[in-house]
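Following: one structure in structure tokens, then a few remarks.
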Amino acid sequence: MARNEPAPGVPTGRFAQIRAVFGMVWKNDKPGFALMIAAWAVTLLLGILIGAIWDHAYYGGFLGFLAGLLAATVILGRRAETVAFSQVVGMAGATGYALKGLRRGWNVDEQPVQVDPRTQDLVFRAVGRPGVVLVTEGPLPRVNRLAETERKRMTKVLPDVPVIVLHAGDDEGQVPLRKLTRTIMRKRPVLTKDEVSTVAKRLHALGAARLPIPKGVDPTRMRPDRKATRGR
């Protein structure tokens, strides 16, 4: 397959991608679909009503249509993201998929940096202005040992860089996948953009004790088009 050729089964084109997201929400989240339509209809009616009050019903209806379309698109994106996460929860590599949602300025390793082949516990890594963030995938407290091994390795090679450990999951003391990127983005910035780039390059040069990811979700391939889900 050519480098720029899309993977089989992946919709190409902006409208095809939006249609795929629309169909996913329709199939898996009927309440979300109804909410999206209701938001559009209510906003349209409000636009017509306000326009009629000012004796510009047609103009108000047009603006209401556009505003309703924007509201429906926002809801579509959020519900589609919720559906996508619900489909990968509990599967190996789901944490790596969630980390793909980090915005620009973050360097995310596509493969886990620590793997326990016996338990299939994983540790993923992202580097940003808050420092090095290690995110575990597996039950507590078992996965703590794996995370501590990687944390010590990071502090040894990067003694002046903060190392943050987060645990992804739905149990007590863990961060749900849908809230993972939000939680990471709220961490206090410590490094400059240049320092982030330097740290990321150093870690990539050092490599990691990586083993093949257990069978399950491949986080490098599960990348829904976020521009499509947001209507951009």
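Per my numbering, the sequence shown starts with residue 1, numbered consecutively.
C-beta atoms are modelled at their ideal positions from N, C-alpha and C, and glycine is treated no differently.
Buried versus exposed, by CB contacts within 10 Å (16 or more), residue i
i    : result
W40  : buried
H167 : buried
L177 : buried
P130 : buried
A72  : buried
D55  : exposed
A205 : exposed
G23  : exposed
A16  : exposed
R3   : Any reading at R3 must be qualified, since the residue scores a pLDDT of 37, below 50, and its modelled position is unreliable; the value itself is stated next. When all chains shown are included, R3 counts as exposed.
I53  : exposed
I37  : exposed
Contacting residues, own chain, Cβ-Cβ under 6 Å from residue i (five flanking each side not counted)
i    : result
A147 : V123, L134, T136 and V165
T95  : F124, V135, E137 and A168
V59  : Here the sequence assigns Tyr to residue 59, which means Val is not the residue at that position. Taken in chain order, the residues that qualify are G51.
A98  : L177 and L180
For residue i, the three-state DSSP class (helix, strand or coil)
i    : result
G131 : strand
R186 : coil
E150 : helix
E137 : strand
L122 : strand
Contact set for residue i: own chain, Cβ-Cβ below 8 Å, skip 5 residues either direction
i    : result
L45  : G64
R202 : V157 and L158
L35  : I75 and R79
A57  : I48 and G51
Whether residue i touches residue j by CB criterion (8 Å)
i    : j    : result
P162 : V190 : yes
T192 : L102 : no
E150 : V113 : yes
G61  : G77  : no
V143 : D121 : yes
G128 : V196 : yes
G173 : L140 : yes
Range covered by the alpha helix (DSSP H) that runs through residue i
i    : result
H204 : K193 to L206
L158 : From DSSP, L158 is part of no alpha helix (DSSP H); its letter is neither H nor E.
P31  : K30 to I53
L99  : A94 to L99
Extent of the continuous beta strand (DSSP E) to which residue i belongs
i    : result
L166 : V163 to A168
V115 : Q114 to D116
Any non-hydrogen atom of the ligand COA within 7 Å of residue i CB
i   : result
A94 : Looking at this structure, you won't find the ligand COA or any other ligand, since it has none at all.
Within-8 Å CB hit, residue i to chain B
i    : result
T183 : The structure shown contains no chain B; it is built from a single protein chain.
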